Ligand SMILES: [Fe+2]
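Numbering (my numbering), first residue to last: -11 to 245.
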């Protein structure tokens, strides 16, 4: 599937309060439109989370855990790992709804999940509970793409009973934090819509998960320096199948762009 139009809505919560607008959005997302919902959280909040996670990223040993009920929140580094379904290079900080949430991350961002569920046509609280629901769970995943090497191959994600939209929030400023690359969706004529060019920290983007998308290499001509934490931050509002769920297919890597 290819990206169609970008529709910008200034008030993040307006889809939650307007059933007609929501019904229209559901149809448009299915057909390939992208929705930009402005200011789901503040710029200041994005900066605070970046600082907090940078300290964790610098000072903790990265580890991977399979997504299974009761698994811990974790910091992981994927450095073009050949075992991943979609090849990429980034730090990832994942949070699950069954763990204690001292920073109230899920509370702070719940409206984004409510919109995502609205796009799917399921109750707004679905997948946000302390146990998996129909073999799926919400996962808040902050991702950092380091300059010089960070990126993610073009791919499509599954659309099924758990989600229609791939949902991310911008957390960096292109032109300040990094200069080249970033998230994109692909149009039918091959043109890439660079999402960091049209959003700022706190803005949420919903695209049909099956629209070809990826992350072009961040400042590919600069020297990589993992500890500098210079590069691009974003927040992924994932709904994932847990281990053992074979009903939903895997994401499909479409190669580097
Ligand atoms: Fe994706």
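C-beta: ideal position from N, C-alpha, C; glycine also. This structure is a prediction, so every number in the text was calculated from the model and none was measured.
Q. Applying the criterion that 16 or more other CB atoms from any shown protein chain within 10 Å of the CB defines a buried residue, is residue 138 buried or exposed?
A. buried
Q: Could you pull the start and end residues of the alpha helix (DSSP H) that residue 157 belongs to?
A: Counting along the chain, residue 157 falls outside any alpha helix (DSSP H), though it belongs to the beta strand (DSSP E) covering 153 to 158.
(Q) Would you say the beta carbon of residue 231 is closer than 7 Å to some non-hydrogen atom of ligand 1? (A) no
Q: Would you kindly check if the distance between the Cβ of residue 192 and the Cβ of residue 110 is under 8 Å?
A: no
Q: Please state if the CB of residue 128 and the CB of residue 83 are separated by a distance shorter than 8 Å.
A: Annotated as proximal: residue 83 and residue 128, with beta-carbon spacing under 8 Å.
Q: Return the bridge partner residues of residue 126 from the DSSP annotation.
A: Looking at the DSSP output, residue 126 shares a beta bridge with 227.
Q: Could you tell me whether the region 29 to 42 touches the region 156 to 165, where touching means 3 or more Cβ pairs closer than 8 Å?
A: yes
Q | Complete beta strand (DSSP E) runs within the region 51 to 102 (minimum length 3 residues, chain order) | A | 62 to 67 and 76 to 83
Q. How about the region 46 to 59 and the region 9 to 29: do they share at least three Cβ pairs that are nearer than 8 Å?
A. no
Q: Please state whether DSSP places residue 108 in a helix, a strand or coil.
A: helix
Q. Ends of the alpha helix (DSSP H) at residue 44?
A. Residue 44 -> alpha helix (DSSP H) spans 31 to 47.
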